[in-house]
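K.L.:
So the number in this note's numbering is just where the residue sits in the sequence shown, counting from 1, plus 2.
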Amino acid sequence: MTNDIYGPFPGAPAFAAGLTGAQRARSEQLAANLEVVERRIADACAAAGRPREEVTLIVVTKTYPAEDTALLAGLGVTDVAENRDQDAGPKAEQCVNLPLTWHFVGQLQTNKARSVVRYADLVHSVDRGRLVDSLAAAVRAAERPPLGCLVQVALDKEAGEGEHRAGVAPSEVLALADRIADTPGLRLDGVMTVAPLAGPLAGDPARAFERLAEIASAVRATHPAATMVSAGMSGDLEQAIGTGATHVRVGTAVLGVRSPLG
3 MTNDIYGPFP GAPAFAAGLT GAQRARSEQL AANLEVVERR IADACAAAGR
53 PREEVTLIVV TKTYPAEDTA LLAGLGVTDV AENRDQDAGP KAEQCVNLPL
103 TWHFVGQLQT NKARSVVRYA DLVHSVDRGR LVDSLAAAVR AAERPPLGCL
153 VQVALDKEAG EGEHRAGVAP SEVLALADRI ADTPGLRLDG VMTVAPLAGP
203 LAGDPARAFE RLAEIASAVR ATHPAATMVS AGMSGDLEQA IGTGATHVRV
253 GTAVLGVRSP LG
């Protein structure tokens with residue numbers, strides 16, 4: 003792909019005109035997949051009695067090249083997510099001129115904080131105090147605007163399961179939310195979860211997301227601006243939207259089955 007496609011962003015007509023044949027074919031494939039996902043989101047919003055505008059689609063671009071990210075931007079996608087800093091950093095740098103909001107959604111080591119704050123607008127996976135401190139220090143060092151943070155909730159930990167999984171138990175969410183909100187350089191935006199693999203809510207995403215909605219409501223009672231509820235992926239976005247998710251994280255349904263990680 004030429005540098006003209008990566009930006010400065012030329013607008014949709016000029017963007018399309020600069021594509022090669024292979025890029026145009028991939029763009030058409032992505033457009034068709036996006037149309038299907040958009041229809042699912044719209045139908046789920048209608049079923050829940052919610053305006054379509056209440057739900058933001060985040061396309062999870064992990065394991066896919068920067069070229070796909072640029073093609074998605076050309077198709078009007080505004081939010082993309084990555085889960086590994088070693089992949090996300092170079093990709094975000096290559097796409098820096100595209101009109102995209104970057105979400106980091108993977109488990110994050112404290113020693114990666116300085117790198118992640120160079121490109122991420124929001125981190126969905128804040129799950130411990132040490133990470134809060136590391137992100138805040140990295141933001142200060144980078145002299146950048148505040149970093150949006152979501153508390154990652156591990157719903158299975160409420161039943162004593164998933165001890166080694168990322169995320170905090172529901173009982174610990176409010177304390178961590180307070181800590182984020184009180185930390186200069188960070189902005190508490192809301193909560194995030196993935197449907198649990200263990201415990202009584204495993205295999206029942208609707209109930210799991212209902213529980214997240216309760217937790218999100220408790221957070222908003224203390225922090226009214228923390229309105230984001232990040233939940234739902236390719237297989238369960240309808241259940242997430244039905245219980246109040248504001249952001250759904252969709253990868254496979256847009257980009258196709260992922261190649262194995264290198």
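From the three backbone atoms N, C-alpha and C, an ideal C-beta is built for every residue, glycine too.
Keep in mind it's a predicted model, so treat the numbers as computed, not measured.
Could you spell out the range, first to last residue, of the beta strand (DSSP E) harbouring D81?
P.N.:
In the sequence shown, residue 81 corresponds to position 79, counting from 1. From DSSP, the beta strand (DSSP E) with D81 extends over D81 to E84.
K.L.:
Please state whether the Cβ-Cβ distance between R116 and I243 is less than 9 Å.
P.N.:
Taking the sequence shown and counting its residues from 1, one reaches residue 116 at position 114. Taking the sequence shown and counting its residues from 1, one reaches residue 243 at position 241. It is not a contact, given that the beta carbons lie outside the stated cut-off.
K.L.:
Would you check if the distance between the CB atom of E160 and the CB atom of P172 is smaller than 9 Å?
P.N.:
Locating residue 160 in the sequence shown gives position 158, where the first residue counts as 1. Locating residue 172 in the sequence shown gives position 170, where the first residue counts as 1. Contact: yes.
K.L.:
Whole angstroms are fine: how far does the CA of I43 sit from the CA of L239?
P.N.:
Here residue 239 refers to the residue found at position 237 when the sequence shown is read from its first residue. Here residue 43 refers to the residue found at position 41 when the sequence shown is read from its first residue. The straight-line gap from Cα to Cα measures roughly 7 Å.
K.L.:
Check this for me: beta carbons of V155 and V141, under 9 Å apart or not?
P.N.:
Counting from one through the sequence shown, the residue named residue 155 turns up at place 153. Counting from one through the sequence shown, the residue named residue 141 turns up at place 139. Contact flag unset, no.
K.L.:
Could you please give the first and the last residue of the uninterrupted beta strand (DSSP E) stretch that includes F106?
P.N.:
To locate residue 106, count along the sequence shown from 1; it is residue 104. Start and end: T103 to F106.
K.L.:
Using the Cβ count rule (16 or more neighbours within 10 Å means buried), how would you classify S29?
P.N.:
The residue given as residue 29 occupies position 27 in the sequence shown. Counting of Cβ neighbours within 10 angstroms places S29 among the buried residues, the total reaching 16 or more.
K.L.:
Does the Cβ of D87 have 16 or more other Cβ atoms within 10 Å, making it buried, or fewer, making it exposed?
P.N.:
Locating residue 87 in the sequence shown gives position 85, where the first residue counts as 1. Label assigned to D87: buried.
K.L.:
Under 9 Å between the Cβ atoms of V134 and L110?
P.N.:
In the sequence shown, counting from the first residue as 1, residue 134 sits at position 132. In the sequence shown, counting from the first residue as 1, residue 110 sits at position 108. In this structure, L110 does not lie closer than 9 Å to V134 by Cβ.
K.L.:
Compute the Euclidean distance between the alpha carbons of A122 and V252, then round it to the nearest angstrom.
P.N.:
Counting from one through the sequence shown, the residue named residue 122 turns up at place 120. Counting from one through the sequence shown, the residue named residue 252 turns up at place 250. Roughly 18 Å separates the two Cα atoms.
K.L.:
When the distance is taken between beta carbons, is L149 closer than 9 Å to R189?
P.N.:
As a first step, residue 189 must be located in the sequence shown, where it is residue number 187. As a first step, residue 149 must be located in the sequence shown, where it is residue number 147. A contact, by the Cβ cut-off of 9 Å.
K.L.:
In terms of DSSP beta bridges, what is Q154 paired with?
P.N.:
Start at 1 with the first residue of the sequence shown, and residue 154 comes out as number 152. Paired residues: M194.
K.L.:
Near V170, what residues of its chain come up, given a Cβ to Cβ distance below 8 Å and the 5 sequence neighbours on each side ignored?
P.N.:
Mapped onto the sequence shown, residue 170 falls at position 168. So the qualifying residues of the chain are D129, R130, V153, Q154, V155, A156, K159 and L178.
K.L.:
On the criterion of 16 or more Cβ atoms from any shown chain inside 10 Å, does H105 qualify as buried, or is it exposed?
P.N.:
Position 103 of the sequence shown, counted from the first residue, corresponds to residue 105. So H105 ends up on the buried side.
K.L.:
Quick one, are the C-beta atoms of V231 and G246 less than 9 Å apart?
P.N.:
Counting from one through the sequence shown, the residue named residue 231 turns up at place 229. Counting from one through the sequence shown, the residue named residue 246 turns up at place 244. Cβ atoms of V231 and G246: closer than 9 Å.
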